[in-house]
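Number of protein chains: 2
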Amino acid sequence: MAPEPRESRSSPSSLPESALSSSLGDLDPEAFRAAGHQVVDLIADYLAGVERYPVLPPIEPGALRPLFPAAPPETGEPIEAILADYRRLVEPNATHWQHPGFLAYFATSASSPGILGEMLTAALGQNPMLWRTSPIGTELEIVVVDWLRQALGLPAPFDGLLTDTASTSSLIALAGARQAAGIDAAAAGLTGRDLPALRIYASAEAHSSIEKACMTLGLGRAALVRIPTDDAYAMLPEELEAAIGRDREADRRPIAIVATIGTTSSTAIDPVARIAGIAEREGLWLHVDGAYAGAAALIPARRAAFTGWERADSIVVNPHKWFFTPLDASLLLTRRMPTLRDAFSLVPEYLRTLDREAPVRDFNEYTPQLGRRFRALKLWVQLRSFGLEGLRRRVEEHIRLAQEFAAWVDADPDFERLAPVPFSTVCFRFAPPVLARHEDHPAHRRRLDELNARLMDAVNRSGEVFLSHTRLDDRFTIRVAIGNLRTEERHVARAWELIRREADRLAVELE
Amino acid sequence: MAPEPRESRSSPSSLPESALSSSLGDLDPEAFRAAGHQVVDLIADYLAGVERYPVLPPIEPGALRPLFPAAPPETGEPIEAILADYRRLVEPNATHWQHPGFLAYFATSASSPGILGEMLTAALGQNPMLWRTSPIGTELEIVVVDWLRQALGLPAPFDGLLTDTASTSSLIALAGARQAAGIDAAAAGLTGRDLPALRIYASAEAHSSIEKACMTLGLGRAALVRIPTDDAYAMLPEELEAAIGRDREADRRPIAIVATIGTTSSTAIDPVARIAGIAEREGLWLHVDGAYAGAAALIPARRAAFTGWERADSIVVNPHKWFFTPLDASLLLTRRMPTLRDAFSLVPEYLRTLDREAPVRDFNEYTPQLGRRFRALKLWVQLRSFGLEGLRRRVEEHIRLAQEFAAWVDADPDFERLAPVPFSTVCFRFAPPVLARHEDHPAHRRRLDELNARLMDAVNRSGEVFLSHTRLDDRFTIRVAIGNLRTEERHVARAWELIRREADRLAVELE
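Going down the list, the sequences are from chains S and W.
Our numbering runs 434 ahead of the 1-based position in the first sequence.
Our numbering runs 434 ahead of the 1-based position in the second sequence.
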């Protein structure tokens with residue numbers, strides 16, 4: 435028999451029972467309660483006052499590291515001291531994605547219900563890798579994924595999962611395409627087999643995450659064939675067909691097409707219905723990247739832009755973009771869950787559960803990662819708090835603000851709009867006629883690029899807004915991307931005021 | 435000139451200014467404050483009362499989905515109603531990773547300071563993909579990664595980053611190995627090139643994430659050569675050398691070795707120093723998986739188990755395991771950051787910043803994902819609250835508890851310990867002599883497996899503890915893995931009591 439454990443003697447070096455949890459830096463539940471209330475107040479104050487901060491902190495790279503000790507702390511410190519340092523060192527040196535003047539990239543703003551959801555997520559500590567390791571994490575993910583599918587107007591054959599980012603969602607989709615190509619890359623790999631070169635097609639404007647997925651998956655950047663676009667930066671389907679034909683003739687093997695609804699540079703819309711027809715004829719996996727613009731499909735009247743995506747094999751839409759859910763939350767929908775499972779499933783003995791005798795979903799079988807966060811919780815809290823109505827009204831309002839901004843640009847002879855505005859992002863540049871009319875001259879063209887870079891930099895230095903840029907038709911292009919939960923008309927108007935003001939300053943130089 | 439934006443008229447359909455943020459389901463800062471305080475109380479009550487829940491909810495797969503509406507909510511609801519449903523539907527149906535009786539897999543428990551850190555992370559909404567998009571997120575990650583490197587006793591050439599999970603960290607490391615092989619897989623890919631089969635070596639006991647990384651990276655499961663282990667489940671270096679030799683002779687190309695310190699099944703320790711010598715002679719990338727056991731390296735007196743890992747090209751250690759940091763947080767250390775950058779860097783125009791003229795770190799260049807969470811924040815809060823001392827004392831105490839549990843197993847003639855206990859995990863089985871002495875007989879062997887599966891299941895159904903299993907030497911093996919922040923001696927003793935009680939019940943059947 436074993437020694438009676440209740441009577442076992444602790445060794446002299448051991449701590450008395452329950453001494454550990456209430457000392458040495460962890461907080462017992464009552465101390466957590468007190469500290470948690472402080473943190474909530476700190477957060478509420480931050481959200482109330484975020485506009486007092488410049489969106490971009492006025493510092494240079496390398497300025498922050500020396501503010502922190504070079505060596506890790508040996509002994510614990512009171513939480514109050516840490517929170518004081520958070521206010522002093524962390525908060526002011528953030529780029530304020532929560533600031534309503536954040537108009538760069540695509541917005542990721544965290545709604546208040548989403549933040550509450552993240553608080554609960556952290557405390558409940560779920561890891562829904564297996565049903566057994568989180569029944570609620572698994573089944574609520576199934577519920578929320580299906581809610582989102584319905585909200586986006588997609589048919590029931592679409593199933594799916596939540597991942598961290600669109601990069602991961604698209605990587606999983608393209609791993610599915612690779613698996614569907616019939617060469618069982620998951621088992622046999624791509625080397626030592628004399629396989630033809632695999633090819634994936636996307637527009638010249640497709641997001642870098644598609645190219646990165648090719649790198650990760652062993653297809654390489656060379657596998658991505660960039661298809662030319664029309665004047666509105668949308669993929670030319672005839673060019674797509676031609677490229678596929680050329681590759682087949684050269685004994686390369688096409689496996690997938692990526693169509694984008696809402697490209698990153700200019701929010702262009704690839705002609706998905708025509709592309710879907712090509713994918714079907716050619717037997718290729720169709721992946722639709724709607725990471726940003728997918729939110730517009732919440733609005734039935736806006737679904738014309740999405741025609742054809744219901745024929746895709748997979749679709750990515752990011753709740754952490756225009757759905758205002760805290761980072762990270764990406765939705766991957768697919769008609770082909772079993773293929774994703776073929777691409778990623780491994781069930782070693784230590785993950786085998788008795789539940790597997792029932793038809794159980796263990797989400798880790800569909801992802802490159804084993805461990806997973808309980809992302810469905812914050813989505814559930816937020817969707818119930820907002821209702822679809824709350825999402826739709828905001829998305830509609832952002833589209834309206836973007837149209838308004840575009841009208842200001844169009845009405846100004848010193849400015850030029852550089853792309854259509856189908857969603858909530860406006861691409862434009864400062865193009866005073868004195869320079870723009872001689873743009874054929876390379877020196878004038880360079881001058882315009884420089885002027886716009888300086889204009890954007892000056893506006894960003896105001897601290898009131900943050901704009902980012904891209905290149906369209908090889909021209910430096912300023913983007914105003916509206917999609918922050920807290921952005922109102924006054925912020926967009928102020929952005930235009932600042933742009934005009936800096937443009938006037940620069941115009942003096944041109945005289 | 436543009437219309438004066440301050441005077442622009444909203445269209446009739448638009449909402450009045452600031453109506454959006456205070457309605458339609460988002461909470462204004464004061465409403466957030468009130469709801470946040472409720473959530474903090476809910477969390478504190480949960481942490482104080484988690485032991486009242488069974489660790490595993492007593493439900494079957496599929497039981498939860500019908501509790502939620504099939505369709506998404508059209509209109510918003512008050513946060514109080516959502517929180518009430520959280521208590522009613524979510525909390526009781528979680529697997530309680532925070533419960534001190536959670537002794538399955540490897541623990542992931544969220545410390546209180548870590549939860550506070552996650553609250554701040556959600557509210558501050560950083561995306562440290564570029565320095566510019568989060569200066570503090572970028573530089574605090576550099577600080578915290580270096581703190582952890584020092585805390586683990588590793589030399590300064592190790593640099594690194596935080597990822598979500600060990601799966602991603604190991605995938606990045608092996609992508610580095612693939613890139614270092616000189617075939618520029620990132621650019622040219624692995625197909626259409628007549629490349630030799632690439633090979634990666636790991637022990638038969640290495641984690642499934644290594645095999646999954648091979649699948650994702652296009653190497654395939656076939657690329658992973660499983661090296662036999664000794665009686666203690668540690669890799670046999672002579673078998674490793676022989677396997678490499680066989681592959682070279684067959685014109686396959688070895689690229690990496692993965693050594694594990696603390697395997698998932700039995701926490702075995704591969705002989706890293708000898709393996710490092712082989713890697714150096716053979717010119718192979720050495721990746722060390724210390725996802726769980728790496729925490730023991732915080733204790734200088736425990737570093738003998740890690741001898742040789744300082745010679746690795748890359749190392750993964752998971753703060754969200756034995757460091758008590760909320761999921762997700764994995765640390766990837768490497769001497770070869772530039773190679774990781776070669777494997778993953780893409781800088782499209784819309785991500786190009788003026789900062790890039792300075793030597794700036796943009797962390798997205800080292801990862802398959804573009805978007806990233808600000809994981810350094812919770813680590814900074816927790817490391818300062820605990821101090822290294824707080825981590826070390828807990829890890830040391832868990833090792834002591836495991837030794838104690840192992841002694842109870844060893845002293846009990848009805849039980850058999852199945853592996854050494856170098857860290858905090860005990861592998862054993864119920865092996866009553868009447869069956870065990872005839873184990874050569876297949877029927878007896880099956881009987882032992884069945885008995886142990888039933889024993890584990892019965893113990894888990896008590897709700898007081900949760901144990902998981904593995905197979906060692908083809909025997910059903912119960913694991914008691916101690917690593918939950920809140921586990922104390924009484925929980926481990928109670929686990930043993932329950933195991934003994936169920937064993938006694940089963941023994942009746944054997945008479």
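Every residue gets a Cβ at the ideal spot worked out from N, C-alpha and C, and that includes glycine.
As the structure is a computational prediction, the values presented were derived from the model and not from experiment.
Residue range of the alpha helix (DSSP H) that includes residue i
i: E485(S); result: No alpha helix (DSSP H) contains E485(S), which DSSP labels as neither H nor E.
i: F820(S); result: 809-845
i: I933(W); result: 923-944
i: A528(W); result: Unbroken run through A528(W): none, as it is neither H nor E.
i: S643(S); result: 642-650
i: T572(W); result: 569-585
i: A892(W); result: 876-895
i: A622(S); result: 619-622
Integer-rounded CB distance, given that residue j should sit under 8 Å from residue i
i: L605(W); j: I634(W); result: Contact doesn't hold; Cβ gap of about 12 Å is too wide.
i: I733(W); j: A836(W); result: Not really, about 14 Å apart at Cβ, beyond 8 Å.
i: V579(W); j: L596(W); result: 7 Å
i: F900(S); j: A497(S); result: With 8 Å as the limit, F900(S) and A497(S) do not qualify as a contact, their Cβ atoms being about 18 Å apart.
i: G696(S); j: G724(S); result: 6 Å
i: F910(S); j: R863(S); result: 7 Å
Per DSSP, the bridge partner or partners of residue i
i: T555(S); result: In DSSP, T555(S) forms no bridge with anything.
i: W719(S); result: A690(S)
i: G594(S); result: L767(S)
i: T599(S); result: According to DSSP, which records beta bridges pairwise, T599(S) is partnered with nothing at all.
i: E850(S); result: R863(S)
i: L632(W); result: R687(W)
i: T697(S); result: Looking at the DSSP assignment, T697(S) forms no beta bridge with any residue, so it has no partner.
i: R909(S); result: L906(S)
i: M669(S); result: T663(S)
i: I703(S); result: I695(S)
i: F536(S); result: F900(S)
Span separating the alpha-carbon of residue i from that of residue j
i: M553(S); j: F502(W); result: 21 Å
i: L632(S); j: R939(S); result: 52 Å
i: D848(S); j: P867(S); result: 6 Å
i: F540(W); j: D704(S); result: 46 Å
i: V706(S); j: P876(S); result: 36 Å
i: P760(W); j: P772(W); result: 29 Å
i: T650(S); j: R806(S); result: 20 Å
i: E675(S); j: I712(S); result: 7 Å
i: E494(W); j: Q584(W); result: 46 Å
i: R827(S); j: N918(S); result: 13 Å
i: A615(S); j: A600(S); result: 22 Å
i: A518(W); j: E744(W); result: 51 Å
i: P671(S); j: D618(S); result: 29 Å
i: H641(S); j: Y784(W); result: 10 Å
i: V893(W); j: R627(W); result: 55 Å
i: R736(W); j: L822(W); result: 14 Å
i: S545(S); j: E931(S); result: 27 Å
i: I513(S); j: R818(S); result: 33 Å
i: L766(W); j: G594(S); result: 29 Å
i: T701(S); j: F740(S); result: 13 Å
i: F757(W); j: G548(W); result: 10 Å
i: D874(W); j: W581(S); result: 54 Å
i: I933(W); j: G652(W); result: 44 Å
i: Y487(W); j: G897(W); result: 7 Å
Continuous beta strand (DSSP E) stretch holding residue i: start and end
i: H903(W); result: 902-906
i: I916(S); result: Per DSSP, I916(S) belongs to no beta strand (DSSP E) and is neither H nor E.
i: I749(W); result: 748-751
i: L658(W); result: 658-661
Exercise for review: Inspect the CB distances between the segment 827-842 of chain S and the segment 514-531 of chain W and report whether three or more fall short of 8 Å.
Suggested key: no
Review point. Any chance the segment 722-732 of chain W sits against the segment 772-786 of chain W, with 3 or more Cβ pairs inside 8 Å?
Key: no
Exercise for review: Determine, using beta-carbon pairs with one atom in the segment 565-574 of chain W and one in the segment 808-816 of chain W, whether at least three such pairs fall under 8 Å.
Suggested key: yes
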